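Going letter by letter, the sequence shown gives residues 1 to 1074 in the UniProt record's numbering.
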Amino acid sequence: MSSDDVPQAPQNKPSTSSFADVFKTLAVGRPKSQSPVLHAQNAGGALSPDMEGRRGSRVTFGFEALHRGSVAAGASDASNTPSFDTILHNLAADQPLQSAADEAEKAVRYLHGFSGDQVVTLWEQAAYLIDHPSSSEARTSGGILLENVSARQDLSLAGRKSLFRSISQPSHPDVIARRVKALISLSDYGRKFDFTDEPILQIIAAWIVPLYEQTAAIRSKIKRSRGQRPSGATLDEAILGELFQHIVDVVTLQRHPPGPEVIELVLDQIFTVCRKTSAAVDIKNSLVVFDAIIATCGVPDESFIPLLEVLCSIHASVKSLAGPTSRAVRSLAKSSKQSDMIQNLHTFLMETTERPDRNLNVTRGAVDIFRDLLVAYGQDGMPTIDFEPLIASLHQASLRKDGRIDTDILEVCLNALQGEFSQVALQHDWSEFVNVMLACSDRAIDNITAPTSPTSNFSPAPLPAASTPPSKASLADDIRSNIIANLTRISASLEALWPNLSKSQKLEAWRLLADTHKHLTHSQAELAIRLLGTERLCHPSASDGWITYSWKLVQDYILDREKAPETRILALATFRDAYFSENAPGLYLKEGLVSALTKDFTEEDSYLFLQELVAFLVDGTASSDEDTLNLIVDTLSQPMNADENTDDMSPSGTKPVPHYVLASDTLAPSLSDATTWGLIRIFLKGLETKSQVVLKVYQKLIDIALSTSRPSDSRLSALRLLFRLRCDTSGVVHIASFIDNGHLTASMLRTAESTKSTASEESSTERSKDNDTSSTPNSRSSLKDHSVTPIGGHSHRVISRRPSRWVAPIWAFDDQSKLPDMTVLKLGSNVYAFKAQGKEGEQKGEEQKGEEQKGQEQKDQEQKSDEPNNNDKHNATIVLKVNLWAEAIIALLQREKDWDIYSYVSAHVSAQLANRDFFRAAIPQITLLRSVLCEQIKNESFPEPLGWTGVKKKDIAICLLEALTMLISFHAHFAKGEQDELVRSFMYGIGSWEGTSRGCIHALSVCCHEIPLSVTKSLNAILDKMSKVITRSHIAVHILEFLALLARLPEVYVNLRDEEIRTVFDLERTTIQE
């Protein structure tokens, strides 16, 4: 029926028609527009809404068929219409072939003017044209005439039989399309086949492959011409879809379904098309036919396996038709051949290695079909699938070693853990199930981990070789990505099912989680790690495979820096529990597990994890052998690479380390601080256990304190411990729980608010100068270079802002919380600051020896302090090399340019120097320290703090003079000239800086008793200096006390002349008046 045809009212039904025929017509009637299949122009497009069902719009039961009739004629001049006889004559076989062919095409325009019997007569006259053996034009003209005649609705039964005989004759391929359209019109779209008793599908089957080949040829030409339809091409590509839709109509609309032999014949032809075609629209139309046959006629036995193979291939290769394919598969699964389908799918998979000739897509499709069946498992009519045979079949399929099959198998395993089928899976053993998943995931796991030997280290697999074609490399990457995505979803499903798993299933699932650890979330990794703990799999006393489990825990979780810190901390806690179990430490040390924890230690970048790791290493030292203990100490002594750039920490750098923050800001500690804290704990444990490691850690802490490449907080942690070291008169070292230097630290913690009520000597000019040199808190600069404005840093550990007030050094915020409670320590009695040399009286006598003799004694003591290394290390006396620490103090006071460090040292050195016995073995260094301090006081060469610190130079002078005061107790070791210089330094401090006069006067009072000769030598100058500050009321009383003391020591003022004594009385009188 052409597009110009207009339907007319239908003829009355023959009297022999029954009421059933009438109702059937009502039920199947539909518009005569192109069937839904014809609208599928895009090979890869989705199904249109009317194609979603098996029948499409056929089930809408329209009534348009009741209004069919002959074609209405257009307005034409009757005088121009040729007569019936003329046309009939011109179509005769004795006419020239070309003339007859032209007349056939012209006659089509006038058919509406003739009756049904007349147009049949015209066709019978021209029927020879469609079968002409040599002229394609004649065949085309004949086909056009046949198509238009068959479209008439007023044909008699005899006429229709005549037309059908012409349609059903063997045909040249180029007119099959016309015969198809003619048959569709003649049968009223598959509704009426009263014109023949022959199997219509048998005739149609002969057309399928030739028509496809014609269509494929046209598509190929169009593709080569870049979308342009070639000239002379008369075949409509959609006709193949019309033929397939007609098959659906024949199968679904006839009262008596076709026989199995005919269905088998049709299916064989469609199978051929499916195997040859590359157009998705052909596959789509074939699926509609399959669905119709499965639902109405059933699949013949001989066609069942080929159909299943075709469905498998389509499922695997045409992903855009996954929906229609799944519908056909589910229809087959609900059919009477349900059990045969499942059995054959298993056979396809089990024969994977035995039938290499079978298309790979068949195997893949069988896996995909199982996936669909698992998704729909439990729905009405769906088959039952046994778990163990399914896993066995998947295992055989995995032996093909193809990445695409592996991906598909993992999707099946994923669906086995979801939906209704998960309850079936929970009732079986999972060993083979997990083996299948591991076998399919090797391709992805091998590219992220190295061999799984417990003693080997994991490392990334090599990238594809440069010679690998880009397309293959891209395909491999896609497959790997798909496998990883499936493993991720499987892990999520295992997490959801975890509470319902049995112990054995959890252990099997752990194997998969362990191998895919790089793709686990924290909660999934937590399940795997906690299983190791609850089942005690890492405990040597509870598990034979504890070595393997422990190495997996160390390598896959603890040392993997890509894991979240909380995951690594949980793994470390599990490792700790196992390590400290009964008899485990020795075994762990033997296997090298503890040493493995120190691998690439300096690359660690998580502070939270590093804290826990350091704590474990420290606790593990109690049960470690000497080699491991030394390894731990050396490891903790290394600088951390993730801390600040060492160039920025250098005293000479232009971008000093930023550590200055406001009191309200949060300062995150550095990684090096965590490791230094570990060394401190080892040192304290060494004091308690009398371990020789004390000596090594002691020297490491000194090195850290001196290192300008370390962050300030780690250096301060070391200094906090070192400045708390004390000893009693017998030399036994202990840790001071409190340092009585509050009057010194208070000046270092000055803020703008606290200084408002404090008197100041500085002029407004000096204040202006200080303000000009102020800077942001996050800065570091040479304390001696007052002309350089500190540069703000960019540390990730601080919050940068310009301060609105003066800022205290960072040690002020947590000084009391950095060391453990000293009251809980049970310190040993054989860690000494010096080596005892006999009786106490002899010791005191030796203290009076000269400097040279003392220097020799110190060398002897240093040699003896090394002697325990050659004796029993647990019973030998341990002597700290205090001289090293004294040298470090001198270096810090002379060269340190980090304000945090320098301020801490200057504020705390005097308190430690007060413990005179502690420095008994460091007399040369004490002598040098005195020289350094005196030189700095005399020349005012000590650094001046920057303005933003709120600290003045006088505050530094107070601290240094306090330290110098403590050195008076060492006067016996000083030469006469050194004692004189000491007194002159105190004299210089009177009146030179605000706040230093009182301390210097008191120090001179002490000197009157300890070194009276030096005071006598400088007494005139001292009195002259005092006379200049006597007018200050807060100084006068201290001067009076000094004079009162002096009056009781005639040996001190023995050299004063009368006029000088008179000056003393003038001072006293003035003091009293003040």
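Glycine residues also receive a C-beta, built at the ideal position from the N, C-alpha and C atoms. Source: prediction; values computed, not measured.
- [ ] Taking only runs that begin and end inside the region 265 to 336, name each unbroken alpha helix (DSSP H) of 4 or more residues, in chain order.
- [x] 280 to 296, 301 to 317, 322 to 333
Open item on the list: Tell me which residue opens and which closes the beta strand (DSSP E) that ILE926 is part of.
Closed with: In the sequence shown, residue 926 corresponds to position 926, counting from 1. Taken as a continuous stretch (DSSP letters only), ILE926 belongs to no beta strand (DSSP E), being part of the alpha helix (DSSP H) at 923 to 939.
Task: SER474 to HIS519 span [Cα, whole Å] - done: Residue numbering aside, residue 474 sits at position 474 when the sequence shown is read from its first letter. Residue numbering aside, residue 519 sits at position 519 when the sequence shown is read from its first letter. Between SER474 and HIS519, the C-alpha separation is close to 21 Å.
TODO: Determine the DSSP secondary structure at ILE878, reduced to helix, strand or coil.
DONE: Locating residue 878 in the sequence shown gives position 878, where the first residue counts as 1. Note: ILE878 maps to strand in three-state DSSP.
Task: Cβ neighbour criterion (16 or more within 10 Å) applied to SER134 - done: The residue you call residue 134 lines up with position 134 of the sequence shown. It counts as exposed.
Open item on the list: Count Cβ pairs between the region 302 to 309 and the region 258 to 278 that sit closer than 8 Å; are there 3 or more?
Closed with: yes
Task: Among VAL120, LEU597, LEU671, GLN338, nearest to TYR607 - alpha-carbon criterion - done: As a working note, residue 607 is residue 607 in the sequence shown. The shortest C-alpha separation from TYR607 is found at LEU671.
Open item on the list: One question on the structure: do GLY365 and SER313 come within less than 7 Å of each other, judged by their Cβ atoms?
Closed with: For this step, residue 365 is matched to residue 365 along the sequence shown. For this step, residue 313 is matched to residue 313 along the sequence shown. A contact, by the Cβ cut-off of 7 Å.
- [ ] Tell me whether PHE738 is buried or exposed, calling it buried when 16 or more other Cβ atoms sit within 10 Å of its Cβ.
- [x] Mapped onto the sequence shown, residue 738 falls at position 738. Classification for PHE738: exposed.
Task: Contacting residues, own chain, Cβ-Cβ under 6 Å from ILE203 (five flanking each side not counted) - done: To locate residue 203, count along the sequence shown from 1; it is residue 203. Contacts found: SER168.
Task: Close Cβ partners of LEU719 (< 6 Å) along its chain, the five nearest in sequence each way excluded - done: Translated into positions along the sequence shown, residue 719 becomes position 719. Result list for LEU719: ALA705, TYR904, in chain order.
Task: The alpha helix (DSSP H) enclosing CYS538, as first and last residue numbers - done: The residue you call residue 538 lines up with position 538 of the sequence shown. It is not in any alpha helix (DSSP H) - CYS538 carries neither H nor E in the DSSP assignment.
Open item on the list: Applying the 10 Å Cβ sphere with the 16-neighbour rule, what's the burial state of PHE195?
Closed with: Sequence index remark: in the sequence shown, residue 195 carries index 195 (1-based). Buried, by the Cβ-count rule.
Task: Selected residue, minimal CA-CA separation from VAL248, among ASP291, LEU399, VAL209 - done: Indexing the sequence shown from 1 puts residue 248 at position 248. When each option's Cα is compared against that of VAL248, the closest is ASP291.
TODO: Verify whether the separation of the beta carbon atoms of ASN361 and SER317 is less than 7 Å.
DONE: Translated into positions along the sequence shown, residue 361 becomes position 361. Translated into positions along the sequence shown, residue 317 becomes position 317. Closer than 7 Å, so yes.
Open item on the list: For LEU722 and GLN555, I'd like the C-alpha separation in whole angstroms.
Closed with: Taking the first residue of the sequence shown as 1, we reach residue 722 at position 722. Taking the first residue of the sequence shown as 1, we reach residue 555 at position 555. Computed Cα separation, rounded: 37 Å.
Task: Whether ASP372 touches VAL329 by CB criterion (7 Å) - done: Looking up residue 372 in the sequence shown gives position 372. Looking up residue 329 in the sequence shown gives position 329. Yes, the pair counts as a contact, with Cβ atoms nearer than the cut-off.
Open item on the list: Quick check on the burial criterion: 16 or more other C-beta atoms within 10 angstroms. Buried or exposed for ASN80?
Closed with: Taking the sequence shown and counting its residues from 1, one reaches residue 80 at position 80. Exposed, by the Cβ-count rule.
Open item on the list: Less than 7 Å between the C-beta atoms of VAL951 and SER997, yes or no?
Closed with: Locating residue 951 in the sequence shown gives position 951, counting from the first residue. Locating residue 997 in the sequence shown gives position 997, counting from the first residue. No. Outside cutoff.
TODO: State the beta-bridge partners of ILE735 as determined by DSSP.
DONE: As a first step, residue 735 is located in the sequence shown; it is residue number 735 there, counting from the start. Answer is LEU725, bridged to ILE735.
TODO: Classify SER550 as buried or exposed, calling it buried when 16 or more other Cβ atoms lie within 10 Å of its own Cβ.
DONE: Along the sequence shown, read from residue 1 onward, the residue named residue 550 stands at position 550. Buried: at least 16 other Cβ atoms inside 10 Å.
Open item on the list: So, under 8 Å CB-CB, THR484 and ALA444 are touching, yes? Tell me the CB distance rounded to an integer number of Å.
Closed with: Here residue 484 is taken as the residue at index 484 of the sequence shown, counted from 1. Here residue 444 is taken as the residue at index 444 of the sequence shown, counted from 1. Note that residue 484 is Ile in the sequence shown, not Thr. ILE484 to ALA444, Cβ: 5 Å. Contact.
Open item on the list: Do SER141 and PHE105 count as a contact pair if the criterion is CB distance below 7 Å?
Closed with: If you number the sequence shown from 1, residue 105 lands on position 105. If you number the sequence shown from 1, residue 141 lands on position 141. Checking the sequence shown, residue 105 turns out to be Glu, not Phe. Yes, Cβ-Cβ distance for GLU105 and SER141 is below 7 Å.
TODO: Identify which residue in SER714, LEU438, LEU929 has its Cα closest to the Cα of ASN883.
DONE: Your numbering for residue 883 matches position 883 in the sequence shown. Per the Cα distances, LEU929.
Open item on the list: Measuring only the C-alpha atoms, how far is ASP625 from LEU964?
Closed with: Here residue 625 refers to the residue found at position 625 when the sequence shown is read from its first residue. Here residue 964 refers to the residue found at position 964 when the sequence shown is read from its first residue. Using only the alpha carbons, I get a separation of about 44 Å.
- [ ] Assign LYS401 to one of two classes, buried (16 or more other C-beta atoms within 10 Å of its C-beta) or exposed (fewer than that).
- [x] Locating residue 401 in the sequence shown gives position 401, where the first residue counts as 1. The residue in question, LYS401, is exposed, as its Cβ has fewer than 16 Cβ neighbours within 10 Å.
- [ ] Answer with buried or exposed for HIS1034, where buried requires no fewer than 16 other C-beta atoms within 10 angstroms of its C-beta.
- [x] Start at 1 with the first residue of the sequence shown, and residue 1034 comes out as number 1034. With fewer than 16 Cβ atoms within 10 Å of its Cβ, HIS1034 is classed as exposed.
Open item on the list: Within 8 Å, do at least three Cβ pairs link the region 675 to 692 to the region 710 to 719?
Closed with: yes
TODO: Look at the Cβ atom of LEU572, then the Cβ atom of GLU604, and state whether they are nearer than 7 Å.
DONE: Numbered from 1 along the sequence shown, position 572 holds the residue referred to as residue 572. Numbered from 1 along the sequence shown, position 604 holds the residue referred to as residue 604. Not a contact, by the Cβ cut-off of 7 Å.
Task: Beta-carbon separation (whole angstroms), GLU1010 vs HIS1038, contact threshold 8 Å - done: Within the sequence shown, numbered from 1, the residue matching residue 1010 stands at position 1010. Within the sequence shown, numbered from 1, the residue matching residue 1038 stands at position 1038. So it is not a contact: roughly 18 Å between Cβ atoms.
- [ ] Could you check the C-alpha separation between ALA216 and THR277 for me, to the nearest Å?
- [x] Within the sequence shown, residue 216 is the residue found at index 216, counting from 1. Within the sequence shown, residue 277 is the residue found at index 277, counting from 1. So the two alpha carbons sit approximately 8 Å from each other.
- [ ] Give the range of the alpha helix (DSSP H) segment to which ARG681 is assigned.
- [x] The residue you call residue 681 lines up with position 681 of the sequence shown. First-last of the alpha helix (DSSP H) with ARG681: 671 to 689.
TODO: State the DSSP-derived secondary structure class of VAL434, mapped to helix, strand or coil.
DONE: To locate residue 434, count along the sequence shown from 1; it is residue 434. Helix at VAL434.
- [ ] Out of VAL375, ASP406, ALA836, point me to the one whose CA is closest to LEU349's CA.
- [x] Walking along the sequence shown from the start, residue 349 turns up at place 349. Selected option, being the one with the closest Cα: ASP406.
Open item on the list: If you measure between the beta carbons of ILE184 and HIS246, is that distance less than 7 Å?
Closed with: Taking the sequence shown and counting its residues from 1, one reaches residue 184 at position 184. Taking the sequence shown and counting its residues from 1, one reaches residue 246 at position 246. Their beta carbons are under 7 Å apart, which means ILE184 touches HIS246 by this criterion.
- [ ] Counting only the same chain and skipping the five closest in sequence on each side, list residues whose C-beta sits under 8 Å from that of ALA514.
- [x] One-based indexing of the sequence shown puts residue 514 at position 514. Closer than 8 Å at the Cβ level, and outside the excluded window around ALA514, lie ALA528, LYS552, ASP556.
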